[in-house]
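A.B. asks: Protein sequences, first through last, are from chains A and B.
Following numbering that gives the first Met the number 0, the numbering of the first sequence begins with 0 at its first residue and continues without gaps.
Following numbering that gives the first Met the number 0, the numbering of the second sequence begins with 0 at its first residue and continues without gaps.
Heads up, the beta-carbon is just placed ideally off N, CA and C, and yes, glycines get one too.
Just so you know, these numbers come straight off a predicted model, no measurement behind them.
Protein chains: 2
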Amino acid sequence: MAETAVVHIVDDDSSLRLALDSLFRSVQLGTRLYGSAQDFLAAKRPDLPSCLVLDIRLPGISGLDFQQQLQQAGVHIPVVLMTGHGDIPMSVRGMKAGAIDFLTKPFRDQDMLDAVGTAIERDRERRSADGDLARLRELYEALSPREREVMALVVAGRMNKQVAGDLNLAEITVKIHRGAAMRKMGARSLAELVRMAEALQLPRAAVGR
Amino acid sequence: MAETAVVHIVDDDSSLRLALDSLFRSVQLGTRLYGSAQDFLAAKRPDLPSCLVLDIRLPGISGLDFQQQLQQAGVHIPVVLMTGHGDIPMSVRGMKAGAIDFLTKPFRDQDMLDAVGTAIERDRERRSADGDLARLRELYEALSPREREVMALVVAGRMNKQVAGDLNLAEITVKIHRGAAMRKMGARSLAELVRMAEALQLPRAAVGR
DNA sequence: TGCCCACTCATCCCTCGGTATAGGCGCGAC
DNA sequence: GTCGCGCCTATACCGAGGGATGAGTGGGCA
Numbered sequence: 000m001a002e003t004a005v006v007h008i009v010d011d012d013s014s015l016r017l018a019l020d021s022l023f024r025s026v027q028l029g030t031r032l033y034g035s036a037q038d039f040l041a042a043k044r045p046d047l048p049s050c051l052v053l054d055i056r057l058p059g060i061s062g063l064d065f066q067q068q069l070q071q072a073g074v075h076i077p078v079v080l081m082t083g084h085g086d087i088p089m090s091v092r093g094m095k096a097g098a099i100d101f102l103t104k105p106f107r108d109q110d111m112l113d114a115v116g117t118a119i120e121r122d123r124e125r126r127s128a129d130g131d132l133a134r135l136r137e138l139y140e141a142l143s144p145r146e147r148e149v150m151a152l153v154v155a156g157r158m159n160k161q162v163a164g165d166l167n168l169a170e171i172t173v174k175i176h177r178g179a180a181m182r183k184m185g186a187r188s189l190a191e192l193v194r195m196a197e198a199l200q201l202p203r204a205a206v207g208r
Numbered sequence: 000m001a002e003t004a005v006v007h008i009v010d011d012d013s014s015l016r017l018a019l020d021s022l023f024r025s026v027q028l029g030t031r032l033y034g035s036a037q038d039f040l041a042a043k044r045p046d047l048p049s050c051l052v053l054d055i056r057l058p059g060i061s062g063l064d065f066q067q068q069l070q071q072a073g074v075h076i077p078v079v080l081m082t083g084h085g086d087i088p089m090s091v092r093g094m095k096a097g098a099i100d101f102l103t104k105p106f107r108d109q110d111m112l113d114a115v116g117t118a119i120e121r122d123r124e125r126r127s128a129d130g131d132l133a134r135l136r137e138l139y140e141a142l143s144p145r146e147r148e149v150m151a152l153v154v155a156g157r158m159n160k161q162v163a164g165d166l167n168l169a170e171i172t173v174k175i176h177r178g179a180a181m182r183k184m185g186a187r188s189l190a191e192l193v194r195m196a197e198a199l200q201l202p203r204a205a206v207g208r
């Protein structure tokens with residue numbers, strides 16, 4: 000059976016890596032093992048729902064710092080933290096930074112599986128949402144500047160003639176652009192276009208009110 | 000100056016309560032002091048942005064359990080946890096349950112002020128958003144059942160005549176209900192109505208597609 | 001230079017949205 | 001019973017949406 004989800008394990012203790020490897024494989028999860036943060040960054044990661052199981056104490060860099068670096072670098076992967084010698088401030092920092100869980104060694108297998116299960120599920124949802132949004136953004140990019148302007152005003156609730164006034168155009172021209180925007184965005188109704196604009200978080204065109 | 004925000008302090012140690020009281024007052028924050036979770040629940044809480052500073056160890060009930068009870072009871076107040084004798088699993092549980100921070104005694108005044116500042120700010124935003132939503136819900140409640148049905152289909156992108164077919168009505172009737180819904184909701188355009196429906200999280204009327 | 005494309009505008013025509021006016025039915029409150 | 005209200009429908013009218021066809025301008029690029 001092909002992998003459907005992958006757990007990335009970053010720990011400098013090879014015996015723990017292998018123990019986790021067999022634990023995850025026993026529940027049909029794919030695995031990748033790394034001895035350091037650098038190895039993880041250098042590796043090519045499969046395009047699948049995945050998560051990162053990260054030891055706090057790593058060669059070279061703290062797992063907590065690494066976690067924050069990933070966020071800033073735009074690598075959105077759910078993180079499960081673990082440590083042998085942690086303290087409360089560490090765990091709080093990790094959780095504030097969005098970790099799914101923070102496990103202290105030794106932990107029960109089931110706790111780790113629960114955390115990883117939650118993490119994978121969250122990544123699955125994020126990937127799905129990101130995919131939808133990316134497709135939408137692609138359509139939006141294909142709009143001409145004028146079409147974008149018209150779309151912004153239309154989804155703000157302006158009538159064609161008002162848009163024409165706002166942009167100093169003839170009403171017919173607005174209709175053309177409006178129709179083009181609808182077609183290019185694949186919106187079959189104004190309602191759909193409004194929802195797309197919401198999803199794209201287009202800056203609300205502040206007209207009138 | 001009148002209070003603009005309130006910190007609720009729940010701790011069975013009266014000397015710590017007083018210390019926190021003066022700390023918060025020194026930065027113009029209102030305070031309320033309680034020796035137990037029950038006292039907090041029994042008290043009348045002002046209608047202002049606020050947060051809860053909660054000791055983990057309380058008479059009768061754990062602060063963590065209390066935090067979860069509040070959530071389930073629908074009391075949405077940001078919580079800052081603190082403890083003298085905590086461990087990592089406790090802190091993780093608290094953070095998972097949505098605590099703003101988890102401080103270990105003794106903590107630095109500034110850390111507490113930072114946490115409370117974040118908590119108050121979050122509550123301020125939540126209250127504002129809740130208020131808007133409540134006003135919207137009120138308008139929606141005022142709609143007749145038919146108007147709600149029509150609104151659902153309209154914001155799903157259906158044309159009047161399609162809605163008429165869906166509901167077995169004459170098109171003119173749909174127009175009436177549609178107009179009434181717009182008027183009652185205070186929407187000045189279809190776009191606005193769609194956004195209101197989104198904000199209300201109306202179940203997407205699944206027609207056609 | 002020639003072509004593509006974004007942008008612009010016009011005229012025609014049809015559909016759709018929205019309001020006003022007016023009427024009928026059923027049900028619960030007073 | 002009468003009143004109010006939600007609900008349904010009809011006729012008529014007008015303004016807004018939107019497509020088709022046609023056509024002109026200017027900028028970028030091979």
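In terms of residue numbering, what span does the beta strand (DSSP E) encompassing V9 of chain B cover?
C.D. replies: Counted from its first residue, the second sequence places residue 9 of chain B at position 10. Counting along the chain, the beta strand (DSSP E) containing V9 of chain B begins and ends at V5 to V9.
A.B. asks: DSSP puts Q49 of chain B in a beta bridge; with which residues?
C.D. replies: In the second sequence, residue 49 of chain B corresponds to position 50, counting from 1. It should be pointed out that residue 49 of chain B corresponds to Ser in this sequence rather than to Gln. DSSP, once it has assigned bridges, lists B:V5 as partnering S49 of chain B.
A.B. asks: Leaving out five residues on either side along the sequence, give the residues of the same chain with a beta carbon under 8 Å from the beta carbon of M94 of chain A.
C.D. replies: Within the first sequence, numbered from 1, the residue matching residue 94 of chain A stands at position 95. Cβ within range, chain order: F101.
A.B. asks: Please look up how many angstroms separate the CB atoms of M195 of chain A and L135 of chain A, rounded, as I've assumed it's under 8 Å.
C.D. replies: By 1-based counting over the first sequence, the position of residue 195 of chain A is 196. By 1-based counting over the first sequence, the position of residue 135 of chain A is 136. So it is a contact: roughly 6 Å between Cβ atoms.
A.B. asks: Could you tell me the distance, in whole angstroms, from the CA atom of H75 of chain B to the CA atom of Q68 of chain B?
C.D. replies: Your numbering for residue 75 of chain B matches position 76 in the second sequence. Your numbering for residue 68 of chain B matches position 69 in the second sequence. Cα to Cα, H75 of chain B sits roughly 11 Å from Q68 of chain B.
A.B. asks: Can you pull the chain B residues whose beta carbon is under 7 Å from the beta carbon of A155 of chain A, in chain order?
C.D. replies: Within the first sequence, residue 155 of chain A is the residue found at index 156, counting from 1. Going along chain B in sequence order, the residues near A155 of chain A (Cβ under 7 Å) are A190.
A.B. asks: I'd like to check one pair, A4 of chain A with G29 of chain A: are the Cβ atoms closer than 8 Å?
C.D. replies: On the first sequence, residue 29 of chain A is found 30 positions in, with the first residue counted as 1. On the first sequence, residue 4 of chain A is found 5 positions in, with the first residue counted as 1. Yes, the Cβ-Cβ distance between G29 of chain A and A4 of chain A is below 8 Å.
A.B. asks: Measure the beta-carbon distance from F39 of chain A to V6 of chain A and round it to whole angstroms, keeping in mind my assumption that it falls under 8 Å.
C.D. replies: As a position in the first sequence, residue 39 of chain A is number 40, starting the count at 1. As a position in the first sequence, residue 6 of chain A is number 7, starting the count at 1. Actually they are not in contact, since the Cβ atoms of F39 of chain A and V6 of chain A sit about 12 Å apart, beyond 8 Å.
A.B. asks: Tell me whether S21 of chain B is buried or exposed, calling it buried when 16 or more other Cβ atoms sit within 10 Å of its Cβ.
C.D. replies: Locating residue 21 of chain B in the second sequence gives position 22, counting from the first residue. Its Cβ having fewer than 16 others within 10 Å, S21 of chain B is exposed.
A.B. asks: Report the residue from A:D113, A:G59, A:E170 and A:G164 whose alpha carbon sits nearest the alpha carbon of V79 of chain A.
C.D. replies: Looking up residue 79 of chain A in the first sequence gives position 80. It is A:D113 whose Cα lies nearest to the Cα of V79 of chain A.
A.B. asks: Classify I60 of chain B as buried or exposed, calling it buried when 16 or more other Cβ atoms lie within 10 Å of its own Cβ.
C.D. replies: Along the second sequence, read from residue 1 onward, the residue named residue 60 of chain B stands at position 61. Classification of I60 of chain B: exposed, given that the 10 Å Cβ count is below 16.
A.B. asks: If contacts are defined as beta-carbon pairs under 8 Å, then A190 of chain A and V154 of chain B qualify, I think. What distance do you get, rounded to the angstrom?
C.D. replies: Here residue 190 of chain A refers to the residue found at position 191 of the first sequence. Here residue 154 of chain B refers to the residue found at position 155 of the second sequence. A190 of chain A to V154 of chain B, Cβ: 5 Å. Contact.
A.B. asks: In terms of DSSP beta bridges, what is Y139 of chain A paired with?
C.D. replies: Translated into the one-based positions of the first sequence, residue 139 of chain A becomes position 140. Paired residue(s): none; Y139 of chain A is not in a bridge.
A.B. asks: Chain A partners of S214 of chain B, CB-CB under 7 Å?
C.D. replies: Lying before the first or after the last residue shown, residue 214 of chain B is absent from chain B, which here runs from 0 to 208.
A.B. asks: From A:S13, A:L17 and A:A1, pick the residue whose C-alpha is nearest to that of P45 of chain A; which is it?
C.D. replies: As a first step, residue 45 of chain A must be located in the first sequence, where it is residue number 46. The option with the nearest alpha carbon to P45 of chain A is A:A1.
A.B. asks: Helix, strand or coil for V26 of chain B? Go by DSSP, reduced to three states.
C.D. replies: As a first step, residue 26 of chain B is located in the second sequence; it is residue number 27 there, counting from the start. Looking at V26 of chain B - three-state DSSP - the assignment turns out to be coil, as it is neither helix nor strand.
A.B. asks: CB S42 of chain A to CB R31 of chain A, shorter than 8 Å?
C.D. replies: For this step, residue 42 of chain A is matched to residue 43 along the first sequence. For this step, residue 31 of chain A is matched to residue 32 along the first sequence. Going by the sequence as given, residue 42 of chain A is Ala instead of Ser. For A42 of chain A and R31 of chain A, yes; Cβs fall inside 8 Å.
A.B. asks: Between M94 of chain A and chain B, is there a C-beta pair that is closer than 8 Å?
C.D. replies: On the first sequence, position 95 is the one that residue 94 of chain A refers to. Yes, because at least one Cβ of chain B sits closer than 8 Å to the Cβ of M94 of chain A.
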